[in-house]
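Visitor: Would you mind keeping the following structure in view while I ask a few things?
Numbering (my numbering), first residue to last: 274 to 569.
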């Protein structure tokens with residue numbers, strides 16, 4: 274691939290793939306134009322420019338031979354290829370509250386909650402809760418191959434052999450081990466449910482996009498949204514009051530105590546910091562301390 278093509282890609286995508294994939298990532302960048310052309314021929318589509326906000330996958334709009342707008346998503350050579358989990362999750366949902374799996378369905382107008390409600394962030398809570406209610410389902414019967422929250426948190430259990438802050442790792446795992454064993458709260462989760470992954474659409478008021486597809490406690494799903502809701506507004510002087518409002522609304526909607534959701538949010542933020550610590554150590558900046566916002 275010419276250097277100019279790589280330089281034309283969104284900066285965040287190049288930064289993350291280079292940091293996480295190393296040489297295989299560079300080879301992926303080299304092969305990307307050929308991959309795109311091959312998929313255009315195979316699926317009879319015309320691929321347009323990539324979306325500007327992509328970070329971890331090549332995602333671009335495309336048009337099928339019949340004029341239908343779709344989205345193409347190409348995953349880089351991560352150690353764990355999450356795009357297969359995403360495909361399984363979308364197939365299981367069959368478009369109910371989530372985009373359909375074609376290549377990927379394009380969901381116009383496709384503005385996410387962060388774009389729609391910046392300045393009126395509290396107004397994003399109702400569509401977020403309504404959409405989560407729509408997509409929340411029990412695990413499928415043939416779920417033995419699906420990644421679980423246990424898998425994700427088990428990966429953090431080696432924190433004590435690293436420089437990761439041990440007090441945070443210990444507390445997060447204690448919370449997870451104590452709260453996660455509730456079978457009636459276990460669902461097939463989106464896994465990355467946040468304001469940027471809920472978009473408005475013509476066939477439904479809002480749809481969820483870019484799922485991870487994991488099995489686990491619904492408290493984790495809500496925690497992902499709450500933590501991103503926090504980062505969205507963390508510089509506001511009244512951020513704690515805003516988080517308390519969000520906690521109250523989600524707690525009421527899903528019959529979970531606000532304090533339990535605080536604990537889930539703490540554990541989820543620590544897990545995210547652990548991933549940053551292990552996947553992109555050069556970019557890690559002790560962000561785990563931000564989990565203290567949840568006062569647990």
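Cβ coordinates follow ideal geometry from the N, Cα and C atoms, glycine included. Every value quoted in this text rests on a predicted model; they were computed, and no experiment measured them.
Taking the alpha carbon of residue 490 as the reference point, which residue from 306, 420 and 396 has its own alpha carbon closest?
Guide: Reading the chain shown from its first residue, position 217 is the one you call residue 490. Out of 306, 420 and 396, 420 has the C-alpha closest to the C-alpha of residue 490.
Visitor: Does any residue of chain B bring its CB to less than 9 Å from the CB of residue 313?
Guide: Absent from the structure is chain B; it holds one protein chain and no more.
Visitor: Measuring only the C-alpha atoms, how far is residue 429 from residue 422?
Guide: Numbered from 1 along the chain shown, position 156 holds the residue referred to as residue 429. Numbered from 1 along the chain shown, position 149 holds the residue referred to as residue 422. The alpha-carbon atoms of residue 429 and residue 422 are separated by roughly 11 Å.
Visitor: Determine whether the beta carbon atoms of residue 566 and residue 497 lie at a separation below 9 Å.
Guide: Taking the chain shown and counting its residues from 1, the one referred to as residue 566 is at position 293. Taking the chain shown and counting its residues from 1, the one referred to as residue 497 is at position 224. It is not a contact, given that the beta carbons lie outside the stated cut-off.
Visitor: Is it right to say residue 284 is buried, meaning 16 or more other beta carbons lie within 10 angstroms of its own, or is it exposed?
Guide: Translated into positions along the chain shown, residue 284 becomes position 11. Exposed: under 16 other Cβ atoms inside 10 Å.
Visitor: Between residue 502 and residue 468, how many whole angstroms is the CB-CB distance? I'm expecting something under 8 Å.
Guide: As a working mapping, residue 502 is identified with position 229 in the chain shown. As a working mapping, residue 468 is identified with position 195 in the chain shown. About 7 Å; that satisfies the 8 Å criterion.
Visitor: I think residue 319 touches residue 383, with their Cβ atoms under 8 Å apart; what is that distance to the nearest whole Å?
Guide: Numbered from 1 along the chain shown, position 46 holds the residue referred to as residue 319. Numbered from 1 along the chain shown, position 110 holds the residue referred to as residue 383. Not a contact, Cβ separation roughly 19 Å.
Visitor: Whole angstroms is fine: what's the gap from residue 531's alpha carbon to residue 327's?
Guide: For the purposes of this step, residue 531 is identified with residue 258 of the chain shown, where counting begins at 1. For the purposes of this step, residue 327 is identified with residue 54 of the chain shown, where counting begins at 1. The straight-line gap separating the alpha-carbon atoms of residue 531 and residue 327 is approximately 33 Å.
Visitor: Starting from residue 461, trace the beta strand (DSSP E) both ways and give me its first and last residue.
Guide: Taking the chain shown and counting its residues from 1, the one referred to as residue 461 is at position 188. Run containing residue 461: 459-462, per the beta strand (DSSP E) assignment.
Visitor: Restricting to Cα atoms, I'd like to know which of 539, 392 and 555 is closest to residue 562.
Guide: Working through the chain shown from its first residue, we reach residue 562 at position 289. Selected option, being the one with the closest Cα: 539.
Visitor: Could you round the C-beta distance between residue 402 and residue 522 to whole angstroms and report it? I think they count as a contact, below 8 Å.
Guide: Numbered from 1 along the chain shown, position 129 holds the residue referred to as residue 402. Numbered from 1 along the chain shown, position 249 holds the residue referred to as residue 522. Yes, they are in contact, since the Cβ atoms of residue 402 and residue 522 sit about 6 Å apart, within 8 Å.
Visitor: Name the one or two DSSP bridge partners that residue 488 has.
Guide: Here the question's residue 488 lines up with position 215 in the chain shown. Per DSSP, 421 and 461.
Visitor: According to DSSP, is residue 519 helix, strand or coil?
Guide: Taking the chain shown and counting its residues from 1, one reaches residue 519 at position 246. DSSP places residue 519 in helix when its eight states are reduced to three.
Visitor: Nearest to residue 389 by CA position, among 546, 556 and 505, is which residue?
Guide: One-based indexing of the chain shown puts residue 389 at position 116. The shortest C-alpha separation from residue 389 is found at 505.
Visitor: Could you tell me whether the segment 335-344 touches the segment 299-319, using the rule of 3 or more Cβ pairs below 8 Å?
Guide: yes
Visitor: Could you tell me which residues DSSP pairs with residue 480 in its beta bridges?
Guide: The residue you call residue 480 lines up with position 207 of the chain shown. In the DSSP output, where bridge partners are listed per residue, residue 480 has 472.
Visitor: State the DSSP-derived secondary structure class of residue 385, mapped to helix, strand or coil.
Guide: Mapped onto the chain shown, residue 385 falls at position 112. Strand, per DSSP.
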